[in-house]
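**Student:** One structure, as structure tokens, below. Some questions next.
2 protein chains.
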Amino acid sequence: MDKHVSIKDIALKLGVAPSTVSRALNGNSGVGKALREKIKAMALKLNYKPNPFAVGLVKQTPHIIGIIIPDIVTHFYSSIISGIGDTARANGYSVVITTSYEQYELEKHCIDDLNNIRVEGIIACLSQETSDYKHFENVVNQGVPLVFFDRVCLTDRCSSVVADNERSAYQAVQHLIANGYKRIAYIGGNEHLNIVDQRRRGYVRALADNCLPVYSDLMVDNLPMTYKSGRKAVRQLLALRRRPDAILAINDILAFGAMSEIKSRNLQIPTDIGLVGYSDELHATFVEPALTTVTHHTYEIGSVACDLLLRRINDATVKPKSVVIPTFLKIRASTAKRR
Amino acid sequence: MDKHVSIKDIALKLGVAPSTVSRALNGNSGVGKALREKIKAMALKLNYKPNPFAVGLVKQTPHIIGIIIPDIVTHFYSSIISGIGDTARANGYSVVITTSYEQYELEKHCIDDLNNIRVEGIIACLSQETSDYKHFENVVNQGVPLVFFDRVCLTDRCSSVVADNERSAYQAVQHLIANGYKRIAYIGGNEHLNIVDQRRRGYVRALADNCLPVYSDLMVDNLPMTYKSGRKAVRQLLALRRRPDAILAINDILAFGAMSEIKSRNLQIPTDIGLVGYSDELHATFVEPALTTVTHHTYEIGSVACDLLLRRINDATVKPKSVVIPTFLKIRASTAKRR
DNA sequence: TATTTTTACGCAAACGTTTGCGTAAAAATA
DNA sequence: TATTTTTACGCAAACGTTTGCGTAAAAATA
Chain A
1 MDKHVSIKDI ALKLGVAPST VSRALNGNSG VGKALREKIK AMALKLNYKP
51 NPFAVGLVKQ TPHIIGIIIP DIVTHFYSSI ISGIGDTARA NGYSVVITTS
101 YEQYELEKHC IDDLNNIRVE GIIACLSQET SDYKHFENVV NQGVPLVFFD
151 RVCLTDRCSS VVADNERSAY QAVQHLIANG YKRIAYIGGN EHLNIVDQRR
201 RGYVRALADN CLPVYSDLMV DNLPMTYKSG RKAVRQLLAL RRRPDAILAI
251 NDILAFGAMS EIKSRNLQIP TDIGLVGYSD ELHATFVEPA LTTVTHHTYE
301 IGSVACDLLL RRINDATVKP KSVVIPTFLK IRASTAKRR
Chain B
1 MDKHVSIKDI ALKLGVAPST VSRALNGNSG VGKALREKIK AMALKLNYKP
51 NPFAVGLVKQ TPHIIGIIIP DIVTHFYSSI ISGIGDTARA NGYSVVITTS
101 YEQYELEKHC IDDLNNIRVE GIIACLSQET SDYKHFENVV NQGVPLVFFD
151 RVCLTDRCSS VVADNERSAY QAVQHLIANG YKRIAYIGGN EHLNIVDQRR
201 RGYVRALADN CLPVYSDLMV DNLPMTYKSG RKAVRQLLAL RRRPDAILAI
251 NDILAFGAMS EIKSRNLQIP TDIGLVGYSD ELHATFVEPA LTTVTHHTYE
301 IGSVACDLLL RRINDATVKP KSVVIPTFLK IRASTAKRR
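As given, the protein sequences belong to chains A and B, one line each in that order. When the first sequence is numbered by my numbering, its final residue is 339 and no position is left out of the sequence of numbers. When the second sequence is numbered by my numbering, its final residue is 339 and no position is left out of the sequence of numbers.
Structural data, given as structure tokens:
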């Protein structure tokens, strides 16, 4: 078990002061060219790597950013993490990931943890449960840069990266109508989330713009966004006297639940019921029929969020900004034209 | 932007020495009961949180473990990360995740990065490309505890957590035979990986035990484990004069590729071709027909790997140990009995 | 009560960096 | 060549903890 070599080791070997070694290695002025080269060569030879704890202690900025995500096991979030991570690394930052498991209480713990590590900034996506934002306000009040993505809040004080939720839902419904569907149902999620509210509005507006009535019993609202909920919502919708001929589910996992329940009733997709979900690229092609989905550029969401955060870190005066990453409707078999 | 309060702040406020505060807060002896309580109360009131950089600097063990995984966007790995993370947290450790993106060169960088952070130990899964283990040997030689999972190496020097690969493949083939399939093909992966080699052996042994011939043209070997490869392998298999009536794909993403290609040829699963894949729970239920798969207890793999690592960290004399986490064959529609 | 032991604290050094300041030596200028 | 400026280094303090050691005061023992 060989100890890590320190600046002192190099200094001792070369008969110079540690401060000189530090300056040479960090490219600061005040050290002669020849000596600088000698120091660098020795550092390389001894495989010197700065001790991040010492650096973190002496500098007020240890170049770490924190992430708070609802869960890590869905492709949507892990792909966003990839985007954040790559951008962070490219700018000399490392990343610490915490998970709220969609729970408000755990989300608060995440903030504490990140705070303890002294992260320079935080990128967060709200948990499903979260409808009170005080814990995030505290972060902002402490001057810690904070950027939200997808499920956002405090947009007047924090930058955010969001999908064009209203438009995407509008477009999905428009597509269903164009393909001959007339009684289009909606399966929503926790209403306090911006994404839910916005997608709902897009759904309603699309119906209205096409002179279709908005039936409240075709809208299943304010449920947890789980596979189970998706199935339950469909049971509820199919129990109606006049059942829907298409469904917009505002979340991928809801859509998969819905699809499964529809199939178990021996109804055909897309002939009996058309189905549109939200998803990133991966899952939706595996199901049958392949699912028409609103698709996110997840990697880009991550990298843009990280960009915004780094900009804010480097300049506290930048104004909060909301970046919209356009989604696109990926049309597949589950909404094939009727007749 | 209020500064973090330090031990010194507390000491100053209470008129005691910083060392006393430290001892009181860490539960060490040598501080009176009354004073200890006063210090604790003040720490709570001022919301004192120890500076991890200072602690990391002064202690040789900053209680961080590192993870190296091939990618973060598949459920298999992110679920394992959950298992590791929860176990680590429960033991007062935090976790840093690095990604090799299935590339040997990047895997080496991961090790460097983790080394720089001075992690106390590393949990790793080999990248597809990796067939040379020197970089890991160096880690071991430096005395850094190292545990592998799933795709492993250096098992004589490092503990590992693996699936029962040989048995699982055997069982899958056995199941196919029992259901009337006779010409069973095999789609493998990069041969230097232990999981590939072992699953291949299980496949061969099951055929032999059932007195079925082992045809080498029914075995597609040594390909990258990607969706594309899955499709390509099936194209190759279906081009044979006598095509297979069942396929064992040794990886989930290969299986999905295979399924997609089979369907595009208008062949029926399971009637024309039976299909078994490897997967964790999530994806396989979404496809149609639902895929019979060898299923892993991913969360458990993670938590056991973390346990092994922590045990090794706390006692350098523990012997390397290989823990096998049993898989189970989840039988679904894709291998329904013929006739 | 006199001595020994224990308790309860503080002092100071250490972990590995960075950085402000000081100062010989070298270079530039007069 | 004499003076001023610049260069090239070293010293020492600092970041926020922990911990070995020392020592008064208190408690226990003789």
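We put the beta carbon where it would ideally sit given N, CA and C, even for glycine.
I'd like to know if PRO320(A) contacts chain B, where contact means its C-beta is closer than 8 Å to some C-beta of that chain.
**Tutor:** No - not a single Cβ of chain B is within 8 Å of the one on PRO320(A).
**Student:** Check whether the Cβ of PHE256(A) lies closer than 8 Å to any Cβ atom in chain B.
**Tutor:** With 8 Å as the cut-off, PHE256(A) counts as an interface residue toward chain B.
**Student:** Check whether the stretch 122 to 140 of chain A touches the stretch 67 to 74 of chain A, counting contact only when three or more Cβ pairs, one atom from each stretch, lie closer than 8 Å.
**Tutor:** In short, these stretches touch, since the Cβ pair count reaches three.
**Student:** PRO63(A) CB to nearest chain B CB: under 8 Å?
**Tutor:** Looking at the sequence itself, residue 63(A) is His, so the reference to Pro does not match. False, the Cβ-Cβ gap to chain B never drops below 8 Å.
**Student:** Please confirm whether ALA336(B) has its beta-carbon closer than 8 Å to some beta-carbon of chain A.
**Tutor:** Judged by the 8 Å Cβ criterion, ALA336(B) is not in contact with chain A.
**Student:** Report all residues from its chain with a CB closer than 6 Å to the CB of ARG200(B); omit the five preceding and five following residues, and keep chain order.
**Tutor:** Taken in chain order, the residues that qualify are GLY188.
**Student:** For chain A, is any of its Cβ atoms less than 8 Å away from the one on PRO52(B)?
**Tutor:** At least one chain A Cβ lies under 8 Å of PRO52(B).
**Student:** To test your reading of the DSSP string, which unbroken beta strand (DSSP E) runs of 3 or more residues are found completely within the stretch 74 to 126 of chain B?
**Tutor:** If we require 3 residues or more, the beta strand (DSSP E) runs fully inside the stretch 74 to 126 of chain B come out as 94 to 99, 121 to 124.
**Student:** For MET1(A), collect the residues of the same chain with a Cβ closer than 6 Å to its Cβ; drop the 5 residues on either side in sequence, then sort them by chain order.
**Tutor:** Since pLDDT at MET1(A) reaches only 41, below the 50 mark, its modelled position is unreliable, and the value read off the structure follows with that caveat. Answer for MET1(A): no residue qualifies.
**Student:** Label LEU12(A) either buried or exposed according to how many other C-beta atoms from any shown protein chain fall within 10 Å of its C-beta, with 16 as the threshold for buried.
**Tutor:** The residue is exposed, with fewer than 16 neighbouring Cβ atoms inside 10 Å.
**Student:** Hey, could you find the ends of the beta strand (DSSP E) GLY66(A) is sitting in?
**Tutor:** Taken as a continuous stretch (DSSP letters only), the beta strand (DSSP E) holding GLY66(A) covers 64 to 69.
**Student:** Should LEU57(B) be flagged as near chain A, meaning a C-beta pair shorter than 8 Å?
**Tutor:** Yes, its Cβ sits closer than 8 Å to a Cβ of chain A.
**Student:** For ILE184(A), name the three-state secondary structure that DSSP assigns.
**Tutor:** Strand, per DSSP.
**Student:** Can you tell me the Cα-Cα spacing of LEU309(B) and VAL204(A), whole angstroms?
**Tutor:** Each residue's alpha carbon lies about 54 Å from the other.
**Student:** Less than 8 Å between the C-beta atoms of ALA255(B) and GLY274(B), yes or no?
**Tutor:** Contact: no.
**Student:** Going along chain A in order, which residues have a C-beta closer than 8 Å to the C-beta of ILE97(B)?
**Tutor:** Those are ILE97, listed as they occur along chain A.
**Student:** Indicate whether HIS296(A) and PHE76(A) have their beta-carbon atoms separated by less than 8 Å.
**Tutor:** Yes, the Cβ-Cβ distance between HIS296(A) and PHE76(A) is below 8 Å.
**Student:** Counting only beta-carbon separations shorter than 8 Å, does ILE72(A) have a partner in chain B?
**Tutor:** Chain B contact via Cβ: present.
**Student:** Specify whether the stretch 147 to 167 of chain A and the stretch 307 to 323 of chain A touch according to this definition: at least 3 beta carbon pairs, one from each stretch, less than 8 Å apart.
**Tutor:** Yes: the two stretches touch, three or more of their Cβ pairs being nearer than 8 Å.
**Student:** Exposed or buried, which one is THR335(A) when buried takes at least 16 other CB atoms within 10 Å?
**Tutor:** So THR335(A) counts as buried.
**Student:** With distances taken between CB atoms, is the gap from MET42(B) to LEU14(B) smaller than 8 Å?
**Tutor:** The answer is yes: Cβ separation under 8 Å.
**Student:** Between which two residues does the alpha helix (DSSP H) holding ILE262(B) run?
**Tutor:** Residues 252 to 264.
**Student:** Under 8 Å between beta-carbons, which chain B residues line up against ASN116(A)? List them in chain order, please.
**Tutor:** Here the neighbours are LYS49, PRO50, PRO52.
**Student:** On the DSSP letters alone, give me the boundaries of the beta strand (DSSP E) that ASN146(A) sits inside.
**Tutor:** Note that residue 146(A) corresponds to Leu in the displayed sequence, not to Asn. That run of the beta strand (DSSP E) goes 146 to 149.
**Student:** Compare the C-alpha of ASP132(A) against each of GLN60(A), LEU193(A), THR226(A), LEU212(A) and name the closest.
**Tutor:** Ranking GLN60(A), LEU193(A), THR226(A), LEU212(A) by Cα distance to ASP132(A) puts LEU193(A) first.
**Student:** Take GLU166(A) and list the residues in its own chain whose beta-carbon comes closer than 6 Å to its own, dropping the five residues that flank it on each side.
**Tutor:** Excluding positions up to five away in sequence, the list reads GLN198, ARG201, GLY202.
**Student:** Grouping DSSP H, G and I as helix and E and B as strand, with all else coil, what is VAL219(A)?
**Tutor:** Going by the sequence as given, residue 219(A) is Met instead of Val. Note: MET219(A) maps to strand in three-state DSSP.
**Student:** Reducing DSSP to helix, strand and coil, say where LEU176(B) ends up.
**Tutor:** Helix.
**Student:** I want to verify the contact list: residues of chain B whose CB lies under 9 Å from the CB of HIS75(A), in sequence order.
**Tutor:** By Cβ distance, chain B contributes VAL73, THR74, HIS75, SER78.
**Student:** Give the list of continuous alpha helix (DSSP H) stretches no shorter than 4 residues that lie fully inside the stretch 184 to 211 of chain B.
**Tutor:** Here the runs fully enclosed are 194 to 209.
**Student:** Could you say which of GLN174(A), SER19(A), VAL234(A) lies nearest to SER264(A) if we only look at CA atoms?
**Tutor:** The residue with the shortest Cα to Cα distance from SER264(A) is VAL234(A).
**Student:** Taking VAL276(A) as the reference, give the member of ALA172(A), ALA208(A), SER168(A), LYS337(A) with the closest Cα.
**Tutor:** Residue ALA172(A) is the option with its Cα nearest to VAL276(A).
**Student:** Hey, out of GLY143(A), ASP150(A), VAL140(A), whose CA is closest to SER127(A)'s CA?
**Tutor:** Of the listed residues, the one whose Cα sits closest to SER127(A) is ASP150(A).
**Student:** Could you check the C-alpha separation between ALA208(B) and LEU176(B) for me, to the nearest Å?
**Tutor:** Near 14 Å, if we compare the C-alpha coordinates of LEU176(B) and ALA208(B).
**Student:** Taking GLU107(B) as the query, report the chain A residues whose CB atoms sit under 8 Å from its CB, ordered along the chain.
**Tutor:** Correct list: empty, because the minimum Cβ distance to chain A is about 15 Å.
**Student:** For LEU35(B), name the three-state secondary structure that DSSP assigns.
**Tutor:** The answer is helix: DSSP assigns LEU35(B) an H, G or I state.
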